[in-house]
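Visitor: In full-length UniProt numbering, the protein residues as written are 1 to 226. Just so it is clear, CB atoms sit at the ideal spot from N, CA and C, and this is done for glycine as well.
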Amino acid sequence: MIKLIGVNKIYKNKVKVLDDVNLSVKAGEFVSVVGQSGTGKTTLVKILTGEEKVSSGKVWVGDWDITNIGKAEVPYLRRQIGVIFQDFKLLDKKTLGENISFALEVCGKSPSKIKRIVPSVMKIVGLAGKENRYPHEVSGGEQQRAAIARALVHQPKILLADEPTGNLDAINANEIIDLLLKINNFGTTIILVTHNRDVVNGLNRRVVTVDAGKIVSDRAHGKYII
């Protein structure tokens, strides 16, 4: 599903942020990528979503070599990889339903298809009946659920969650993790990038630890060790 082979990333200031990274993620896995700030996790996310290119090495998503992906191809990649961020990135002046619909509108989906898909994904994430609420009218946990619903509208094979619980209290954080597990049970590959020790240790799933740009640990049932 995802394969990185000998990946290096060096920025213009000659700082090496990824150092010979080799990583394979199989379809249907739930993988936590952990490490302190500045270890290379964010750069790894940007490479997988096409926002950054590697300095050397190879990156595959499915059968697609995205190592030198062009700007015109990035939107197609991001329909295969749904992305969730820490700060939700919802549009304040649009309702939750409109935020989710917008992700389909920009891709030219028909109104009838949008009308069918949006209630379905909102039901999956536990937001049925809240289509007309604005982001400021719901909790942080519900905002993140809306962001997850928006990421699901293209039925991505991979869901990349970049610090999805970073702005949430423990109760809401646990609910979001439970939702990600539910989505994983549907067959979606989940990559959780986080520094939340409690979340990682509670999952008992595969844990990849990054430190100083290198993968220093990769355990099938790991813990947060840094």
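Let me confirm a value: F88 is counted as buried when at least 16 other C-beta atoms fall within 10 Å, else exposed. Which label applies?
Guide: Buried, by the Cβ-count rule.
Visitor: Our contact map puts I177 next to Q144 with C-beta atoms below 8 Å; I'd like the distance itself, whole angstroms only.
Guide: I177 to Q144, Cβ: 11 Å. No contact.
Visitor: If I measure Cβ to Cβ from V61 and keep anything under 8 Å in the same chain, skipping five residues before and after, which residues do I get?
Guide: Taken in chain order, the residues that qualify are M1, I2, L48, L77, Q80, I81, I158.
Visitor: Leaving out the 5 sequence neighbours to the left and right, which residues in its chain are closer than 7 Å to E163 when beta-carbon positions are compared?
Guide: So the qualifying residues of the chain are Q86, V193, T194.
Visitor: Is it true that the segment 13–23 meets the segment 31–43, where meeting means three or more beta-carbon pairs spaced less than 8 Å apart?
Guide: With a cut-off of 8 Å, the segment 31–43 and the segment 13–23 count as touching, because enough Cβ pairs lie within range.
Visitor: Which residue spans inside the segment 126–179 form an unbroken beta strand (DSSP E) run of at least 3?
Guide: 158–162, all fully within the segment 126–179.
Visitor: By DSSP's criteria, N8 is part of a beta bridge. Which residues make up the other side?
Guide: DSSP output for N8 lists S56 as bridge partner(s).
Visitor: According to DSSP, is T209 helix, strand or coil?
Guide: It is a strand residue.
Visitor: Between I148, L127, V106, K53, which lies nearest to L181 when the distance is taken from Cα to Cα?
Guide: For the residues I148, L127, V106, K53, the minimum Cα distance to L181 belongs to I148.
Visitor: Under 8 Å: do the segment 166–176 and the segment 92–101 share three or more Cβ pairs, one atom per stretch?
Guide: Because the criterion of three Cβ pairs below 8 Å is not met, the segment 166–176 and the segment 92–101 do not touch.
Visitor: In this structure, does DSSP put L44 in helix, strand or coil?
Guide: Reduced to three states, the DSSP call for L44 is helix.
Visitor: Looking at the strands, I want to know which residues DSSP matches up with D65.
Guide: DSSP lists W60 as partners of D65.
Visitor: In whole angstroms, what separates the C-alpha of A103 from that of I84?
Guide: Each residue's alpha carbon lies about 13 Å from the other.
Visitor: Starting from the C-beta of A151, find all residues in its chain whose C-beta is less than 7 Å away, skip the five residues before and the five after it, and write them out in chain order.
Guide: Cβ neighbours of A151 beyond the five flanking positions: G82, V83, I84, L159.
Visitor: Taking its Cβ as the centre, do 16 or more other Cβ atoms sit within 10 Å of A27, making it buried, or is it exposed?
Guide: A27 should be labelled exposed.
Visitor: Enumerate in chain order the residues of its own chain whose CB-to-CB distance from L179 is below 8 Å, with the five nearest sequence positions on each side excluded.
Guide: Answer for L179: V125, G126, R145, I148, listed in chain order.
Visitor: Mapping DSSP to helix, strand and coil, what is G82?
Guide: In this structure, G82 counts as strand in the three-state DSSP scheme.
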